[in-house]
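**Student:**
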Amino acid sequence: MITGLFLLALVAIATNACTTTNSLADTKSGAQLWGENCLRCHNSPSPETFSDAEWDVAVMHMQVRANLTTTEATKIADFLKTAN
Amino acid sequence: MKYQLNIFTLALALFICNVALAQDDQNTQQGYSLTDQQSAAIDYLKPGKSRFLLRGYAHSGLEMTSEETSFVGGAFNPLFVFRQSDRLLFEGELEIELEGGETHLGLEYANMSYLLSDAVTVRAGKFLLPFGTYVPNLHPAWINKFPTNPLGAGHDGILPSADIGIELRGASYLGNIKTNYSIYAVNGPQLNDGSVEAEEGGVLHYDIAPDNNKGKSFGGRIGFFPMNNSALEVGISGLYGKVGNKEGDYEDIAAFLYAFDMSYVQRLSSLRSVVDIKAQYAAANVDEAAFPEEDDPSELHSFDNSSSTWFAQLSIRPAFVSSKLVQNLELATRYSSIETPEGAPWEANQQQWEVGLNYWFDWRTLVKVSYRTVSGEAGGHSENEEGGSEDSFFIHWAIGF
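Sequences listed follow chains A and B, in order.
First residue of the first sequence: 1, per my numbering; consecutive thereafter.
First residue of the second sequence: 85, per my numbering; consecutive thereafter.
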């Protein structure tokens, strides 16, 4: 039962992944996305933590680890780089 | 001295480079241009697309049980992250630990990710399995609110940790609901058939390469964010594969593991605090098979090979009060439990409570003062074999850098 449910959900998401439009993320600013996402697993680092070049790497790392879309990650990185 | 000189030259070159870039237009307009040497310095310092971070974490501490008081830990995990291009990322982490008087060096993970599109990333190599939330997201010492793992997780637990394979992962939106997903193929768990260690017959071992059979294990996780501000995430994970050795009695034995996890992190202005709740339930079901008896390995015995484990944790940090001291304090509590098969030599049924007070020096450096009580009967290969309850007190520090 659980396997079936799981596979069904997986197929739904996989199909969705290829056709999605980021309606909700489009309406959010980089600052808001940072505020909502970067404290979900650990304390949120403040923008002053890193230089621009370091943020480029750290945010890309978190894009993969925390499953962010490229749109979200780019907005967050841009915010961190202007606020540091 | 030479070192200082080099830094000085670099700083000077950077300064020249900045000034030169800013004034480039002006210079040519005013009729003088950069010397060859200056242009060379600028070219030399032009940032490329490839960038990297050398980070990681370390921890150690003091542990007091009824039997001994000892400084423990001394673990150091260097992390290397290379951004080779806008689409290509490498992450690699080592784990250097003191264990029984020896230094143990492990490869936590080493993998390459390629961002295929806005919503799809392909990752290959050794990675932390997106099975539940504890192992992939919460176990690093500066993220874990406690000095120890919840029951079931960690190196001797029943949860998978890392494996080698390939994965597709990413995030997308179903209307206004954000979702994330991961699907992967890895070598998968391996079944201990008890032929060498009868006391471990039926146990699943993770993180072993090369594989013991041709079949790969397949798994995945899906997460949903039912609230618009992403405060709540619920996830379901599964992992299925053949686990027995090729061409043996256990060739057709398969295992199915699944997990449910949730995370809720919210700034509560009424409490002037951040509240963080995490929970996970995981189960491992292995097809029934007969394994050698512990006392007489020529005899076989079988049992229903199902295990489960869960934990729930709550922490609260008054981050928005005016007192700097109080802002940095965090109260945390966690309950966890594990049940392994009845009748197996490694049968266990344990419960663990932890309460802790943490002090944060910065966003990822903290001291944890915590108290833990474990009760119930532990499996054959664990410390608390006889059962009963055991209390411990810890003072640990952890730093992420």
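Glycine included, every Cβ here is placed at the ideal spot set by N, Cα and C.
1. Enumerated in chain order, which unbroken segments of the beta strand (DSSP E) with a length of 3 residues or greater are wholly contained in the region 265–306 of chain B?
2. Buried or exposed for E175(B), please, with buried defined as at least 16 other CB atoms from any protein chain shown within 10 angstroms of its CB.
3. Just to make sure I have the definition right: I need the residues of chain B whose C-beta is within less than 8 Å of the C-beta of D56(A). Which are they?
4. Does chain A have any CB closer than 9 Å to the CB of G307(B)?
5. Indicate the three-state DSSP secondary structure (helix, strand or coil) for K86(B) in the structure shown.
6. On the CB-based measure, 16 or more other CB atoms within 10 Å of its CB, does K507(B) come out buried or exposed?
7. Name the chain B residues whose beta carbon is nearer than 9 Å to that of L39(A)?
8. Output, in sequence order along the chain, the residues in the region 254–270 of chain B whose CB is closer than 9 Å to any CB in chain A.
9. Quick check on Y193(B): does DSSP put it in helix, strand or coil?
10. So what's F230(B) in DSSP terms, helix, strand or just coil?
11. Can you find a CB in chain A that lies within less than 9 Å of the CB of W498(B)?
12. Applying a beta-carbon distance threshold of less than 9 Å, which residues of chain B neighbour S44(A)?
13. Have a look at V453(B), R448(B) and S473(B) and flag the residue whose alpha-carbon is nearest the alpha-carbon of A416(B).
14. Locate the alpha helix (DSSP H) running through L80(A), then write down its first and last residues.
15. Which runs of the beta strand (DSSP E) spanning at least 3 residues fall entirely within the region 375–420 of chain B, listed in chain order?
16. Under the rule that 16 or more other beta-carbon atoms within 10 Å means buried, what is K75(A), buried or exposed?
17. Output, in chain order, the set of chain A residues within a Cβ distance shorter than 8 Å of W444(B).
18. Using DSSP with H/G/I as helix, E/B as strand and the rest coil, what is P244(B)?
19. Do you know whose CA, among N67(A), A73(A), P45(A) and S29(A), lies nearest R51(B)'s CA?
20. In whole angstroms, give me the CA-to-CA distance for F477(B) and D388(B).
21. Since W481(B) and H143(B) should fall inside the 8 Å C-beta cutoff, what is the C-beta to C-beta distance between them, to a whole number of angstroms?
22. For I126(B), which of helix, strand or coil comes out of DSSP?
23. In the DSSP assignment, find the unbroken alpha helix (DSSP H) run with D52(A) in it and report its ends.
24. Counting only Cβ-Cβ distances shorter than 9 Å, please list the residues of the region 221–241 of chain B near chain A, keeping chain order.
25. Can you find a CB in chain B that lies within less than 9 Å of the CB of N84(A)?
26. Under 7 Å Cβ-Cβ, which residues of chain B neighbour A31(A)?
27. Use the C-beta contact count for H188(B): other C-beta atoms within 10 angstroms, 16 or more gives buried, fewer gives exposed.
28. Check whether the Cβ atoms of E461(B) and N442(B) lie closer than 9 Å to each other.
29. Please decide whether L80(A) counts as near chain B, where near means a Cβ-Cβ distance under 9 Å.
30. For G176(B), report the span of its beta strand (DSSP E) as first-last.
31. For Q63(A), tell me which candidate among A366(B), M148(B) and R171(B) has the shortest Cα-Cα distance.
32. Quick check: what's the CA-CA separation for F485(B) versus G140(B)?
33. Are any of the Cβ atoms in chain A nearer than 9 Å to that of G484(B)?
34. Enumerate in chain order the residues of its own chain whose CB-to-CB distance from V59(A) is below 6 Å, with the five nearest sequence positions on each side excluded.
35. For chain A, check one thing: does any of its Cβ atoms lie closer than 9 Å to the Cβ of S407(B)?
36. Measuring alpha carbon to alpha carbon, tell me which of Q350(B), D345(B) and G299(B) ends up nearest V327(B).
**Tutor:** In terms of the structure at hand:
1. For the region 265–306 of chain B, not a single whole beta strand (DSSP E) run of length 3 or above is found.
2. Buried, by the Cβ-count rule.
3. Those are R135 and R167, listed as they occur along chain B.
4. Using a CB distance cut-off of 9 Å, G307(B) counts as an interface residue toward chain A.
5. Any reading at K86(B) needs caution, since the residue's pLDDT is 43, under 50, leaving its predicted position unreliable; the model's value is listed next. If DSSP states are grouped into helix, strand and coil, K86(B) belongs with the helices.
6. Residue 507(B) is absent from the structure shown; chain B starts at 85 and stops at 485.
7. Correct list: V349, R351, V358 and D360.
8. The region 254–270 of chain B vs chain A, Cβ under 9 Å: G254, A255, S256, Y257, L258, G259, N260, I261, K262, T263, N264, Y265, S266 and I267.
9. The three-state reading of DSSP puts Y193(B) in strand, counting E and B together.
10. DSSP, reduced to helix, strand and coil, places F230(B) outside both helices and strands of the structure shown, so it counts as coil.
11. In the structure as shown, chain B begins at 85 and stops at 485. Residue 498(B) is therefore absent and cannot be evaluated.
12. Taking the beta carbon of S44(A) as reference, the chain B residues within 9 Å of it are W447, listed in sequence order.
13. In terms of Cα proximity to A416(B), the closest of V453(B), R448(B) and S473(B) is V453(B).
14. Unbroken alpha helix (DSSP H) run through L80(A): T70 to A83.
15. The region 375–420 of chain B contains, as complete beta strand (DSSP E) runs of 3+ residues, the segments 384–386 and 390–401 (chain order).
16. With 16 or more Cβ atoms within 10 Å of its Cβ, K75(A) is classed as buried.
17. For W444(B), the neighbours in chain A by C-beta distance under 8 Å run, in chain order, N43.
18. In this structure, P244(B) counts as coil in the three-state DSSP scheme.
19. Any answer about residue 51(B) is impossible in this case: the structure gives chain B only from 85 up to 485.
20. Rounded to whole angstroms, the separation of the alpha carbons of D388(B) and F477(B) is 36 Å.
21. The beta-carbon separation of W481(B) and H143(B), rounded to 6 Å, stays under the 8 Å limit for a contact.
22. Residue state, collapsed to three classes: helix.
23. Start and end: D52 to R65.
24. The region 221–241 of chain B vs chain A, Cβ under 9 Å: N221, L222, P224, W226 and I227.
25. Not closer than 9 Å to any Cβ of chain B, the Cβ of N84(A) fails to qualify, so no.
26. The premise fails here: A31(A) is roughly 13 Å from chain B at the closest Cβ pair, so nothing lies under 7 Å.
27. Its Cβ having fewer than 16 others within 10 Å, H188(B) is exposed.
28. Using a Cβ distance threshold of 9 Å, E461(B) and N442(B) do not count as a contacting pair.
29. Closer than 9 Å: no.
30. Start and end: L172 to E183.
31. Measuring from the Cα of Q63(A), the nearest candidate turns out to be R171(B).
32. Straight-line Cα distance between these residues: approximately 6 Å.
33. For G484(B), the answer is yes, since a Cβ of chain A falls inside 9 Å of its Cβ.
34. So the qualifying residues of the chain are A73, I76 and A77.
35. False, the Cβ-Cβ gap to chain A never drops below 9 Å.
36. With respect to the C-alpha of V327(B), the residue from Q350(B), D345(B) and G299(B) having the closest C-alpha is G299(B).
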